[in-house]
Amino acid sequence: MHKELAPVQELDLSPYSVFTETEWASLRADTPMTLSVQEIEDLQSLNDFVSLEQVKNIYLPLSRLLAYYVEASQSLQFATKRFLGMQLTRTPFIIGIAGSVSVGKSTTARLLQALLSRWPASPKVDLITTDGFLYPNSILEAEGLMRRKGFPESYDRSALLKFLTDIKGGEREVRAPIYSHFFYDVMPGQHVTVEQPDILIVEGLNVLQTSHQPKAAKAVPFVSDFFDFSIYIDAEEQVLQRWYLERFMRLRETAFRDPGSYFHKFSTISNDKAQEIAKDLWQNINLENLRQNILPTRPRADLILTKGTDHSIETVALRKI
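Each residue of the sequence shown is one higher than the one before, starting from 1 at the first, in full-length UniProt numbering.
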């Protein structure tokens, strides 16, 4: 007798293999630990604690995995260029990191940059954030978009796509605008120069988002089309809200106290009023952006890191198809 097929709803149709921290840690193999406790602390963002054990259990296996991806990508590039009779130049491997405000994208990006740059071959690893590609406040104010800052329409998408096109095209020097969280604005006339890195990490809220392609129009690439590997950092909404409020209140006692800070006004109000403002910013801006634009991109990631209430990564989901 032939074996009956299981109903579709009983099949495991997930495109991901999911690992616990212990299971993922076993994949580290002999990958050496190259960061000290002090270096890990220096790489952390405000209110985003990462333990030495988490680096060993989560980030070192990820570093090992990325080494395989980079090697495979470079081999494919060279094979294609040989076939086409092109000069064998190396194209940067681009890693995209997405996720909500306050989820810890910057910490993950900096940790990966440090770990990958200490591979035996000592690759050149650069990091940029898409904040620099936000429109300046003067434009956002004129267009009535200040409370939509961080939403897709607040970015100069053409400039970001041009930047990534030049990077992938092997341009020797490519400039990216600099964003200041202190001034809450793009800094006029200031740029960071990216000079032919082996690996480029691109961190931002909406980097995995697709956009509507108009009918009968020329196809426009998505930002994620330039990525060789993508990571989404995830956490429950209520956890993200708590982290956001905690960070806001801590900033009141630190950066916001500087009279030059855009947010200095929040350091002089009562705690209750500050909590009220922070909740409004979360509920009506950041949460809305998460639900509408960021969370829907999660299934497009190659890897999903899911955090628990204490900022530790509890599960790792790796795309298998």
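Yeah, the Cβ is synthetic: ideal placement off N, Cα and C, and Gly gets one too.
None of these values were measured; they are calculated from a predicted model.
Legend entry - Euclidean distance between Cα positions of L43 and L111: 6 Å
Legend entry - Closest residue to P299 among T210, R28, L35 and S51 (Cα-Cα distance): T210
Legend entry - Buried or exposed (CB count within 10 angstroms, at least 16 for buried), F226: With 16 or more neighbouring CB atoms inside 10 Å of its own CB, F226 falls in the buried class.
Legend entry - First through last residue of the beta strand (DSSP E) which encompasses F229: F229 to D234
Inset, instruction - Using alpha carbons as the reference points, say which of Q113, D302 and F248 lies closest to W282. - result: F248
Legend entry - Cβ-based neighbour list, V18, same chain, cut-off 7 Å, excluding 5 preceding and 5 following: Correct list, in chain order: T315 and A317.
Legend entry - Nearest-angstrom Cα separation, counted from E171 out to L88: 14 Å
Inset, instruction - Please confirm if M187 has its CB atom under 9 Å from at least one CB of chain C. - result: Reference to chain C is not applicable here, since this structure consists of a single protein chain.
Inset, instruction - Give the straight-line distance between the Cα atoms of S51 and M146, rounded to the nearest whole angstrom. - result: 36 Å
Legend entry - Contacts around L303, its chain only, beta-carbon distance under 6 Å, and the 5 residues preceding and following it disregarded: I231 and L318
Legend entry - Buried/exposed call for N284, threshold 16 Cβ in 10 Å: exposed
Inset, instruction - Pull up the distance between the alpha-carbon of S45 and that of Q77, whole angstroms please. - result: Computed Cα separation, rounded: 35 Å.
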